[in-house]
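Residue numbers (UniProt numbering): 1 to 921.
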Amino acid sequence: MSVLSNYQDNLSQDMNTDRIVMGGINNNPSLTFNDGVRSIDYVLVWESGRNDATTPEAYEQRRIFEQNLEHDGLQLEREEPEGLYGLNFVKIHVPVDVLRDYSEILKLRMPMKDGSQLRKSGRTNAILNAALYISKFSAVKTSNFIDRVEATWDKFISKIRVDPELFPERRHRLTAIYSKDKEYLFDTTSECFWTPSIRSRIVQFILDRKKFSKPGDDFAFGINRLISNCTYSAAYPLHDGDLKTPGSMRYLLYTEWAAVSKCLKYQPLDYVKDYFGVKIGLYFAWLGFYTHMLIPASLVGLICFIYSAATVYSNKPSEDICNYNSTIKMCPQCDYFCEFWDLKATCLQSRITYLFDNSTTVFFAIFMSFWAACFLELWKRYSAEMTHRWDLTGFDVYEEHPRPQYLARLAHVKRRQLNVVTGENEPMVPFWRMRLPATLMSFSVVALLVLLALATVLGVVLYRMSLLGAAVLRHNDNVLITYSPIMFTTATAACINLCFIFLFNYIYQYLAEWLTEKELLRTQTEFDDSLTLKIYLLQFVNYYASIFYIAFFKGKIIGRPGEYIRFFGHRQEECAPGGCLLELSIQLAIIMVGKQFINTIVEMMMPYLLSWWNIIRTIGRKRQLKSPLQWVKDFKLVDFPNMGLFPEYLEMILQYGFVTIFVAAFPLAPLFALINNVLEMRLDARKFLTCFRRPVPQRVTDIGVWYRILDSIGKLSVITNGFIIAFTSEFIPRLVYAFTHGSLEQYVNNTLADFNITVLEHPPLNSTYGGTMCSFPGYWDYKNGKDYAHSTWYWHIIGARLAFVVVFENVVALGTIIVKWAIPDMSGELRDRIRREAYVINSYILEETRARSQAGRDSQGDTTEPNWNHIASLSGSDFDLAAHGDQEDLAELRERAAAARPPPDPAGPPVDPAGPPPAPV
């Protein structure tokens, strides 16, 4: 459902949620200074019982740092409550003057005055009325039947929508970049003009840049450095209340959003964004959208699986295997210890294979390719609506201030360059001395780590090869192990591989952070994107390498009896008679479901363990830290991780890869992903509200580099699914055989070739088989002696497989192109709304500026009327500069406008002395 339908287009109504946003401060006295008036916007904590925090150097660093904070305008209140074992708290409040200064520095978009103020101007009132009148034409008269259907649907949807009594509908307000010179345009008298999120963001910006020592040490700045030196123990903004006491947004979100019992309801995304900031709000918006999109994929995958289960006993090849009565047994699967075996022993395996390898596999793979394209295109459309709704339109990453760590590493660089966006002179990174060596080192280490992951896969392959020939499998009483060694080794190898995956995860994350820091990236957005690409590349190889091996390499170049292709003296792994698709499905299921299960446990338990360890480290095991004060309760929580939302995004993107790249081998992957995500959404919400300290809001426009990764996965999935169907499954051989013979009678015999047992290099020891021939999966013809060659049928199959890949790739690629063309990135309704609002905002700014200029001239006796008509005829960029007061000489601007304006047509209509209305921008 469109976001635009969730709120009314009323530009004149107030935000009706101030009481919820500020409710926590009003109901909790510990959220203010001791005077009960000034709010606590941030808290610093240090421990007097800690040796590192009580050295003369630490005292001096705290004194200088806090002195610099007060010099910048922040107000501090120090307190050492009794019974808290030496914990010292420094409470920080941001006065209005500091809020004004840094709101302008950070270019924050703030709400303008409400509609009642807009109506003071006659022309603007007419513009507003016209805009509101146009929006009424969106309603189209429908028939009674359609009305009844819509009413029934709305009644159903109301059960899962957010309760409007608890979360009042958010009214959209016009916003503009804050400027002190234009403060009369903004609703600064509103109680919630500077929200707690904005206040904490401004304090964080100041804390990250203030020095704590005398000049000389370029890196002696920032609260993070002080915390790492143990000068301070923690720095955090406060939650707005307790989880058990009503009256705060935290309690409301905890009971109505984070509760697992509410997992089927929509999320109150506007309130999540207000409490946690845009970055976290956008993550939950993306996760909710992705989860909703999994519903049709799960239903189609489940239907395909049910169809397969219902027709499993009517599948001719699997039934032929179960009823196989040939006197010729299958060739041994390993040297020395493997016996000749009966094909009938794989009856159960062949039936299970059919569940994932049948005619619905192709349909589902094509469906999921189109689904991936639709998902990305619809997300872009949905993201555009959220971007507009949360006032992120027009945000430029180059407006971000440089990272403090970046400036510190370049403090010695004298060469400067002008940032054309911010207008600031910033240090220029030396290319040959700093940029190139850091890039080469980063590339080399990442390549080494990728090879390490591949070496791990090679080790697991060797384990499987060795285990297949181990005598322990031959002397086991378990029938499954004895007659299906391939299945046993596949399952155990997948579990071992999963353990290595989690082990390497921590190594990769640490090294990726260190390498990215060395690359000297200017802004936090660039830093996060580079770090994301590194870790995802490493995790991609870590998670998917073994799956790619089974899908595309295992059993493809093993040779034949008498001429096996060996690796380190061992025979390579063979696929089961039905192909490697079942093994691929087992590997996918173990890694995907196991990863989700382990990640969920770790994510929920780790914050509690870290909190427990933090308290023990601070006060000891036998003491308890109890206090009703909110800033003490929040100290006991875990600090929001430096990686932020990266682990959450990474988990979902890896899951998206399982859902798309290998979906042809595991049609139930979307269903497992859907079940996981429904719970993951609420568990993440619960974790953020109960385990972590309140994070500092961050401003972003979208999900960043993750979208490009999703798009790359979608393209890769088309290729992988085509090759899995063509070369890993038995779909093409069955299709060619049925097309040639009209049915699948004797298909199993056609896929087997008979070899004389005398060609075996290492026949089984103490064999009881008395035959002279053994069967081997493949298409081989006997030539003479011990010479065998691929049959003509083999080359027909290869040609059909290649032809299928070409047709599949082109059909799906054409379909995805059509899908992308049919779904625009932004709806026409939203595009008109953005234009309409830009017109209203610019008109209002121009009218207010004109009125104030006229009032100033009247008070000075100046009756000169400026030519506002010329300003209104400016281009978009000049109009913005004039409207925001960035052009100091309006006379010069009017001359430019007059020179650019074409002369009037003598034959044209007479010119209105009042001039035309302002042109829309």
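We put the beta carbon where it would ideally sit given N, CA and C, even for glycine.
With distances taken Cα to Cα, identify the nearest neighbour of residue i among the options.
i           : options                   : result
V457        : P437, I501, K107 and L436 : I501
residue 922 : C230, Y508 and I198       : Nothing in the structure corresponds to residue 922, since the chain is present only between 1 and 921.
N784        : G771, S767 and V759       : V759
E563        : S359, V45, L454 and F776  : F776
S213        : F289, V450, Y184 and E60  : E60
F808        : I719, G799 and I818       : I719
T816        : M368, S314, S326 and K556 : M368
W793        : G770, T751 and L683       : T751
F568        : V461, I590 and K534       : V461
residue 947 : R78, V90, K262 and P95    : No statement about residue 947 is possible, as the shown extent of the chain runs from 1 to 921 and does not include it.
residue 922 : C347, L378, I280 and V663 : The requested residue 922 does not occur in the structure, where the chain is confined to residues 1 to 921.
R686        : Q333, N721, R199 and T600 : T600
I661        : L588, T245, Y707 and L226 : L588
M112        : L503, L185 and L765       : L185
What number of angstroms, rounded off, separates the C-alpha of residue i from the C-alpha of residue j?
i           : j    : result
T701        : Y85  : 44 Å
Y178        : P670 : 45 Å
D787        : A726 : 28 Å
S442        : E603 : 29 Å
F666        : F658 : 9 Å
S875        : A365 : Because the pLDDT of S875 is 43, which lies under 50, any placement of that residue in the model is unreliable, and the question is left without a value.
L537        : I703 : 18 Å
C691        : Y839 : 45 Å
A813        : V805 : 12 Å
V140        : L207 : Low confidence applies here, because V140 scores a pLDDT of 41, under 50, leaving its location unreliable and the question unanswered by this model.
Q117        : Y844 : Unreliable placement is indicated for Q117, whose pLDDT of 46 sits below 50; the coordinate value is still reported in the next sentence. Distance between the alpha carbons of Q117 and Y844 is about 10 Å.
residue 960 : L106 : Because the chain spans 1 through 921 in this model, residue 960 falls outside it and cannot be assessed.
V445        : F635 : 38 Å
V705        : G714 : 14 Å
Q267        : R171 : 17 Å
I616        : P641 : 20 Å
H388        : S827 : 12 Å
E513        : I798 : 46 Å
I675        : Y544 : 22 Å
According to the Cβ coordinates, are residue i and residue j closer than 8 Å?
i    : j    : result
L582 : F363 : no
F755 : P561 : yes
K210 : F193 : no
V748 : I321 : yes
R351 : V312 : yes
H239 : R694 : yes
V272 : L243 : no
S359 : G277 : no
P237 : V696 : yes
A285 : L264 : no
F289 : Y382 : yes
I558 : I565 : yes
N505 : G241 : no
S717 : A372 : yes
Closer than 8 Å, CB to CB, is residue i near chain C or not?
i    : result
P561 : Here there is only one protein chain, and chain C is not present.
By a C-beta neighbour count over all protein chains shown, 10 Å radius and 16 as the cutoff for buried, is residue i buried or exposed?
i           : result
A258        : buried
F731        : buried
N144        : exposed
K155        : exposed
residue 929 : What is shown of the chain runs 1 to 921, which leaves residue 929 out entirely.
N325        : exposed
A891        : Here the model assigns A891 a pLDDT of 47, short of 50, so the residue's position is not dependable, and the following value carries that caveat. Counting Cβ neighbours within 10 Å, A891 comes out exposed, since fewer than 16 surround it.
Q746        : exposed
G281        : buried
E150        : exposed
N34         : exposed
L650        : buried
Query raised in the report: Mind pulling the alpha helix (DSSP H) runs of 4 or more residues that sit fully within the region 803 to 857?
Result: none
Requested in this report: Only counting runs of 3 or more residues, tell me where the beta strand (DSSP E) segments fall wholly within the region 425 to 460, in order along the chain.
Outcome: 425 to 427
Report task. Let me know the alpha helix (DSSP H) ranges lying completely inside the region 607 to 672, each 4 residues or longer, listed in chain order. Result -> 630 to 635 and 646 to 660
Query raised in the report: In chain order, which continuous runs of the alpha helix (DSSP H) of length 4 or greater are located wholly inside the region 175 to 209?
Result: 196 to 207
Requested in this report: Taking only runs that begin and end inside the region 516 to 558, name each unbroken alpha helix (DSSP H) of 4 or more residues, in chain order.
Outcome: 524 to 552
Report task. May I have a chain-ordered list of the alpha helix (DSSP H) segments no shorter than 4 residues that lie completely inside the region 38 to 79? Result -> 56 to 71
Report task. Return the chain-ordered ranges of every beta strand (DSSP E) run that is complete within the region 773 to 800 and spans a minimum of 3 residues. Result -> 773 to 777, 780 to 784 and 787 to 790
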